[in-house]
Every structure is written in C-alpha cells, then in structure tokens.
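Structure first, then comments.
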Amino acid sequence: MFRLFLGCVTAIALTAPATAQVLGGPATVDEYWGIGREQLKERLKDVKPARARNVILLVGDGMGISTITAARIFEKQQKTKAAGFAEFGEENSLSFERFPHLAMVKTYNTNAQVPDSAGTASAFNTGIKTKIGMIGMRQDQTPETCATPAEFPRNMAEIAKGQGMAVGVVTTTRITHATPAAVYAHVPSRNWEARDRSWPEMQRSNACTDIASQLVAFAPGGGLDVVLGGGRARFVPIDAGGTRDDGRDLRDEWKKRFPAGSYVEEAGTFRALSASGKGPVLGLFNDDHISYRADRDPAVEPSLPEMASFAVRRLQATGKPFYLMVEAGRIDHAHHATNPYRALDETVELSDTVAALQKLVGPDTLILVTADHSHVFTIAGYPERGNDILGYIKPVGGGESRTGLTPEGFALDDRGVPMTTLGYQNGPFEGRIGQTVLSRQLPPTDKNYLANKLHGLDSETHGGEDVALFAVGPGSALVSGVIEQNTIFHIMAQALGWK
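Under mature numbering (1 follows the signal peptide of the UniProt record, and there is no 0), the letters of the sequence shown match residues -20 to -1, 1 to 479, in that order.
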C-alpha cells in the first residue's frame, strides 16, 4: 500500500496561495512523503484553506495520553492543596486541551515499532519518517551520505529560512539533544552531539559534522535567530570544562560569526536582553540539560515559559513570519527515571508555556501541541474520584479490595503492598535525579518517589501507542482523524502556503 502513493506524489494538486515551489527535493523520493501529501489532500476536501503567517510547534517529549490525563488532575490538585482546600481534578483541562482541533498520531519509526525522539522529531521537521536514532536523514541513507549533504531531506528551518522567515528553537534539554536537533541538523546518529571521545573513529576522517557544529554553521537565511536551552558543554573544549576533543570553542565561533548577536549563559543576563532587540540570540544555561522545574534555581536558569515568550517576542521583532519549535524535554527524562511527580510537573510547565504564548500571538499564528512518543506509564486500580493522583489507591466508596486494605483504607496487591494509581510497565528499581536519590520507600506523593513497575530495567522505555496533536489557528482544521507523524510537517507547510 505504501508503494502505491509513490506514483501519486507528482499528481497531487494542493490548494495553496500562488508562491514559488519550495517543497520537494530529496525527501520526495521517500514513500512517507507521498503518504503525508495524500493524508493532507484528503483533509483539504473538507476544509477551506487558511493561511498562517507564523507556526509554533510545541513538543512535550514523552507526553503520552496517560501523561496528559494525569497532569490535568495533578495540576488542579496541586493548586487547590496550595490554597488550603481540595478539589477532584479530573474535570480540569490543560491549556492546550481547550484547542478546537485534535488528531491522533502514529509514532513508529521506519525500523522500530516503538520509536525514539530522533526519528519522530525528524518526521515532523522533514515530512518523512526515518530510522530510530537518525536525525534529518532518509531511512536509506548511511554515514557516507555526509559527503553529499545536498541529498539530505530539507528540514523546517532550512525551508523557512529560504522563504525569508525567522526561526527559533527553545528546549529544556541540551539544545543538541534529539528533538531540538531535528529542527536544524542532519546526522546518522543522535549521539553525535559533539566531536568528543565518543565520536566514532570511522567518522573522524569523513565529512560528517557534529550537531553542535551544525547549529553554529547553519547557513540558510543567515543562521538561526533564537536558540535557547542547555548543553553548553557540547560547545566547549575539554580543557575549558567541556566535552569537545577538537579544541574548538563554538561559543567563540558563534560570537565571531554574529558580532551583533547576544550570547548568554545566566538567567539574569538573559532577562536583561531586550525582547524587541535585533540580532540573533544564543542562550546556553546549563552544561547539560536545564534543571527540572522542581529543582531549578530561577536565579541561574530561566523557565520554559520565560524562554518561549522571549523567543516569540524576539522573532516578532524581526518583522518576518516565523517558525518556532518549543520542547518540554524533561517530561521524557522523568519518565525514564519512573518519577511521576517531575514528569507531571514538567507537563504542567508546558501547559503554562502554551497559555503564555497564546497571549502573545494573534489570529495569524498556527499553534500545534504534540508529543514525539509516549511512555509505559499507566493510571489504574479503581481509585475513588478525587483520589490523590500521586497517592495510594482508595477504592471507590471505601469498598473492600479483593486483596485487602490497609488500616488507612488503601488497596493492597496480592503481596500485601499498598498500590499506587500511577505506575510503569518497566523501569529501574533504583534511580536518581542528578544527585538526588529516588526511593520506593518515600511516600508516593513525594517528588523523589520512585514508582512501582513490573519489569526491571536500567531505564524505563518509551511506549508505542499513538499520541495526540492539538491545534488552534489558521490551518488547524486540517488536524483531524488518525495521521502519520510526518503529516504534521505537511499540515504546517500547507498552512504557510508552501507548495
């Protein structure tokens, strides 16, 4: 069935404003390009085309459906606890859940039933699916392809800059991590964040360049306009406290390339920047990932709403249309550690970010909120309405549990252990967040609680079920039904009038 679409690619006529052709090139030989165009064509039959000036794509890394459900309950319960009273929470909605349009998205990679962030982020940034671990490359390409970069599928940043748009990337992870890297980079392995001691020997003599180098050298349209996140060590040589073994300090290279730009490393310096100023901005606020909100020192690191809001205002100040991708990347990391509190708190921060951005943009901006993949995170056990989402299960009506109750009325499993509402199918039985040890011995409402799981692994895995895509603004009516993940690219392209 997939091959059927290949022959149809050139025959598909899409309704769009009359502009020069900007799509096409190496990606169009891929079967998933045809699938994406076909799914877009089907939706255009029932939707009047609407033109967006700007597109903002917000990605909750690892934010599956169960995470969204638990986070909406968590948000309301945490707010009411802080106010000194309790409400149920199930009736709550996160900001983006109020968007008018919704689709379900298939996340698999071309060689993986359960995906990773590299292949999934590449899908919505290039319009085609690819293999697990690859960023911005077709599924049939190899490291040797580095010698012929013209064969790479073009990504959103390259196309947008070629159309005279401004482009920004904001994340709470390393800016060279898989999801943000997919906006601007092309590498056969997501691990090639920096030229360091892990760099494969076979690649040291060929044309492949690391992700951090590609960010600084990004050529189309004069370079990226706003880049904010963590990962400073990938830009710094070993003898200066970084990870690079090639002696290059990419911070200095960036400043030399952009003498009118602003490079910042501290929250205070960042907040002193004018959002209406001119010139590109690069902010690297941590050697590694930006700290979780629950652990973050606001005097040292800015929040995701702060960074994203600044990016929007700075991009608006260019006077150009813009594409901005914002990632709440640490949802994923907390899930890998089987730490529900931080996973849900990071999801709520994403919701806060969406709400903040909605106040800054007008009706000419398409806003999309999605996840790259899910996690093996479950909500279970027949707890009563309003049960603490982080807590032990109190059965509906205080009724008997088949395996008994604790004196406090919590349900027991068949080993006589109290059960929590939230759990994981697999994951570590010991873990830590930075220097903080996570523990199963803590109350489940504690932010350092290590949740229950069925199978022991050193890191919890992704989940393979579909994720949600929420949309508002011009072109959002194209978001419907069940779509391939790469179709998100084609929806954005259609909204921007790209042909």
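Each residue gets a CB set at the ideal place from its N, CA and C atoms; glycine is no exception.
- Taking every protein chain shown into account, the CB of A199 has fewer than 16 other CB atoms within 10 angstroms, so this residue is exposed.
- Look at the beta carbons and you see the region 85 to 105 not touching the region 60 to 75: under three pairs across the two are nearer than 8 Å.
- With the rule of 3 Cβ pairs closer than 8 Å, the region 448 to 464 does not count as touching the region 420 to 431.
- A direct Cα-to-Cα measurement between L346 and A297 gives close to 18 Å.
- By the 16-neighbour rule on beta-carbons within 10 angstroms, L402 is buried.
- Within the same chain, and ignoring the five residues on either side of S331 in sequence, the residues whose Cβ sits closer than 8 Å to its Cβ are A51, E55, L74, S75, F76.
- In the same chain as W478, and ignoring 5 residues on each side of it, the C-beta atoms closer than 6 Å to its own belong to V2, L3, in chain order.
- In the three-state reduction of the DSSP assignment, Y372 falls in the strand class, which pools E and B.
- The Cβ neighbour count for V376, taken over all protein chains shown within 10 Å, is under 16; the residue is labelled exposed.
- Apart from the 5 residues on each side of it in sequence, L422 sits with its Cβ closer than 8 Å to the Cβ of N428, Y429, L430 in its chain, given in chain order.
- For F79, the secondary structure class from DSSP, reduced to helix, strand or coil, is coil.
- When beta bridges are read from the DSSP output, N89 appears opposite A92.
- Nearest neighbour of K339 by Cα position, chosen from K28, A288, K25, turns out to be A288.
- Around the beta carbon of P387, fewer than 16 other beta carbons sit within 10 angstroms, so the residue counts as exposed.
- The C-beta of G40 has 16 or more other C-beta atoms within 10 Å across all chains shown, which makes the residue buried.
- Under the 8 Å Cβ criterion, the region 313 to 329 counts as touching the region 402 to 415, having at least three qualifying pairs.
- In the DSSP assignment, S242 falls within the beta strand (DSSP E) that extends over 242 to 244.
- DSSP places K56 in the uninterrupted alpha helix (DSSP H) bounded by 45 to 62.
- With contacts defined by Cβ atoms closer than 9 Å, D446 and K109 do not form a contacting pair.
- Here the alpha carbon of G14 sits roughly 31 Å from the alpha carbon of E173.
- By the CB criterion at 9 Å, H442 and S354 fall inside the cutoff.
- Excluding residues up to 5 positions away in sequence, T152, G210, E281 lie with their Cβ nearer than 6 Å to the Cβ of I270 in the same chain.
- By the 16-neighbour rule on beta-carbons within 10 angstroms, F290 is buried.
- V349 and V292 do not touch by the CB rule: their CB atoms are close to 15 Å apart, not below 8 Å.
- Inclusion of P129 and A187 in the CB contact set at 9 Å is warranted, their separation being smaller than that value.
- Nearest to D368 by C-alpha distance, out of M399, D394, D352, is M399.
- Going by beta carbons, N466 and P301 fall outside the 9 Å limit.
- Within the same chain, and ignoring the five residues on either side of Q194 in sequence, the residues whose Cβ sits closer than 6 Å to its Cβ are A165.
- Counting C-beta atoms within 10 angstroms of its own C-beta, Q121 has 16 or more neighbours from the protein chains shown and is therefore classed as buried.
- The C-beta of V206 has 16 or more other C-beta atoms within 10 Å across all chains shown, which makes the residue buried.
- For P363, the pairing in a beta bridge is given by DSSP as P375.
- Counting only the Cα atoms, G455 lies some 30 Å from D325.
- Going by beta carbons, V196 and F215 fall inside the 9 Å limit.
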